[in-house]
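Presented below is the structure to which this report refers.
Numbering (UniProt numbering), first residue to last: 1 to 750.
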């Protein structure tokens, strides 16, 4: 029947495989106009004049706007994790007097063709007085604006008695660790189509949006529209990864233009724009102190870290900093902890979330610490982790921290059990012996391992409406969104398991704000947990109605009747129930609420070979052990793991945004911003476990969208150190050949 636990093929795939996908660039309206953004070529400067006369005189041009033309539109507001003081650092939709990064929108050109718009945009002249840029987050805060420094905010989290931990320590270790600036690079660039629907007297935005209802409210407020007069409609999405679907300046501009001009206005980003203007991420520097006893047990961790936020604080506000601090202790006991995260403004592209935000960085820092402690104390790197893991009998475990406004409580886990299963699954002693023999023969090859804890299922709610038609067709209307994760398939499987129908008889609606009053969208690995729970609840309501009606019609015992696709057709039962209700079809609504997230967890293992001459690194083997509580569709879970691992390898070895001293991006094309290809990514092996189902949702599931990436950087760094037999301490990602060579030369004094 295609219910829970089966690896059915995706319902989303047939139109995509047939070339019938409807991505943003495929959406067309009669009489549409095209928008081109004029961007700052300077990282930091004062706008003296923007001359638009030549652009306005160009053929096909309808309008040219600068900041003065949109001055009444407020800056883009935060979606989550607002902290005091951040509001002054929000981004305007067009630069107002100052530019703060290369690529910042300073004007837009609207024309009757994309070519006319692009040609005219070249004629807009921006006279900008160049100022000295700020290019590092660790330098002392400077002036952002009168009365404001470049330190936008500070996040502090702590628990336990840290002074006592350091007083009792046999060893104190200090490390400085960093993760380079990179981001998600979806196959499809961003795009937005603003459309004034005169028939319905409403404004619409068509294109990707991972949080449609939140974006609807945000943009409607900015444009002074009542929410009911603005709706979002999602098409197919060519990848999300945390950076797509937030409110960006271009989204608001396309909608504003459609509202003012009463014509459709389309904006499609090119790849260079994407690398310059879409959210960057990562880019943190940590200064860490750890108190450790004589047996290698970590007694306390103190971390001060600096987040390079770029030119403005965008919709995520303090999210990345908050998650870094709130999740850093991971699966280890760590009786005392304190973190101070500085959100610093620089003259780079603004930063936001990217798959496993805060956890990729925090896991790298924590797991590098564990390796460092093991090496200095002469302990095995696996054993040091085993000694520090939270024991199963202490679960649920109250971490003493919060993340995303919720208390961190590990709801279910067997950390040591998963580690043991990974060791057995790869035959770790035999693998280590094989690698040792290869090193003895002259190869530079090593093994690294890193533990992670993820978060998933962020609340506080998700709503669902399920309708069963007289034909037996099931429609599931959700407030979720698609970012390529298989939401239609998974929700259909959940409903099918309850209603006893084929999952192919279920249609899932998502990303349409006119179909359901509220929804939280797709982020934080939440859809399977939250939307899945709401679907279960609504389907159970329908099941009870259907069984009661069947018992009435059959004059039988309700307890002896099941929904199995035999006997009275489902549509006939549904029609009878609807007739009783006086409604066109049988419908049930449900809302699932929660105050806590769920916490999936796992281990990454990497085998890396280093070329002794070129210092190039090859990931020969990559294994992910991941406990997801319960797997609705094992094939899709494995797909999430494989994709995440590929991105994690990219961040560990290849991807980095580099800037010149004057703030010019040096990674503005795929010739310079390197990503792994099939040649660099091995066949990822996954060990998906269901040993620790979550007790806080009816399905027992935990989100699986981010665990494939979280520990990749840490595991690969550990493997490289093992390959060269611990001659260096890898403290910075990505580990490029040039960076590795430099570290080895410094270590050898040559």
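In this text, a Cβ means the ideal position worked out from N, Cα and C, and glycines have one as well.
| request: Decide if the stretch 226-243 is in contact with the stretch 610-625; the criterion is three or more beta carbon pairs, one per stretch, under 8 Å apart. | output: no
| query | How many angstroms separate the CA atom of residue 98 from the CA atom of residue 345? | reply | Cα-Cα distance, rounded: 14 Å.
| request: Classify residue 683 as helix, strand or coil using the three-state DSSP reduction. | output: coil
| query | DSSP on residue 157, reduced to helix/strand/coil? | reply | strand
| query | Hey, quick one: how far does the beta strand (DSSP E) through residue 145 stretch, first residue to last? | reply | 143-145
| query | In whole angstroms, what separates the C-alpha of residue 429 from that of residue 436? | reply | 11 Å
| said: Suppose the cutoff is 8 Å on Cβ atoms and the five residues either side in sequence are ignored; what does the same chain contact list for residue 64 look like? | reply: 52, 55, 56, 107, 108, 109, 110, 120 and 124
| task | Starting from residue 718, follow the alpha helix (DSSP H) in both directions and report where the run begins and ends. | result | Here the alpha helix (DSSP H) through residue 718 covers 712-723.
| Spatial distance of residue 449 from residue 240 (CA atoms) | Taken atom to atom, the span from the alpha-carbon of residue 449 to that of residue 240 is near 28 Å.
| task | Can you have a look at residue 679 and say buried or exposed, based on whether 16 or more other CB atoms are within 10 angstroms of its CB? | result | exposed
| said: Our contact map puts residue 145 next to residue 307 with C-beta atoms below 8 Å; I'd like the distance itself, whole angstroms only. | reply: Residue 145 to residue 307, Cβ: 19 Å. No contact.
| C-alpha distance - residue 244 paired with residue 256, whole-angstrom precision | Their Cα atoms are separated by approximately 20 Å.
| field | For residue 624, the first and last residue of its enclosing beta strand (DSSP E) | value | Looking at the DSSP string, the run of the beta strand (DSSP E) that includes residue 624 is 617-627.
| request: Tell me, to the nearest whole angstrom, how far the beta carbon of residue 595 is from that of residue 460; I am working on the premise that it is less than 8 Å. | output: 7 Å
| Can you round the beta-carbon distance between residue 290 and residue 369 to whole angstroms, since I take them to be within the 8 Å contact cut? | 6 Å
| message | Restricting to Cα atoms, I'd like to know which of 178, 76, 605 and 568 is closest to residue 424. | response | 605
| request: For residue 216, count neighbouring Cβ atoms within 10 angstroms of its own Cβ and tell me buried if that reaches 16, exposed if not. | output: buried
| Whose CA, out of 506, 323, 469 and 582, lies closest to the CA of residue 458? | 323
| query | Which one or two residues does DSSP pair with residue 35 in a beta bridge? | reply | Residue 35 pairs with 110.
| Nearest neighbour of residue 104, chosen from 259, 527 and 312 [CA to CA] | 312
| field | Through-space distance from residue 732 to residue 41, alpha-carbon basis | value | 29 Å
| task | Name the residue from 292, 347 and 712 whose alpha carbon lies nearest to the alpha carbon of residue 170. | result | 292
| query | In the structure shown, what three-state DSSP assignment does residue 596 receive? | reply | coil
| task | Identify the continuous alpha helix (DSSP H) that holds residue 518 and give its terminal residues. | result | Taken as a continuous stretch (DSSP letters only), residue 518 belongs to no alpha helix (DSSP H), as it is neither H nor E.
| Is residue 476 near residue 491, with beta carbons less than 7 Å apart? | At a Cβ-Cβ threshold of 7 Å, residue 476 and residue 491 count as neighbours.
| said: Three or more C-beta pairs under 8 Å: does that hold for the stretch 606-617 against the stretch 477-485? | reply: no
| task | Quick one: give me the first and last residue of the beta strand (DSSP E) that residue 525 is part of. | result | Careful: residue 525 lies outside any beta strand (DSSP E) and carries neither H nor E.
| field | Simplified DSSP state of residue 476, which is helix, strand or coil | value | strand
| query | With a cut-off of 8 Å, do at least 3 Cβ pairs link the stretch 558-571 to the stretch 512-531? | reply | no
| field | Backbone CA spacing between residue 93 and residue 254 [nearest angstrom] | value | 11 Å
| query | Could you give the distance in angstroms between the alpha-carbon of residue 16 and the alpha-carbon of residue 203? | reply | 28 Å
| query | Is residue 194 helix, strand or coil by DSSP? | reply | strand
| So the alpha helix (DSSP H) residue 543 belongs to, where does it begin and stop? | 532-554
| In terms of alpha-carbon separation, which member of 443, 5, 337 and 247 lies closest to residue 617? | 443
| Span separating the alpha-carbon of residue 529 from that of residue 689 | 17 Å
| residue 47 versus residue 347 - alpha carbon distance | If I take the Cα positions, the gap works out to 15 Å.
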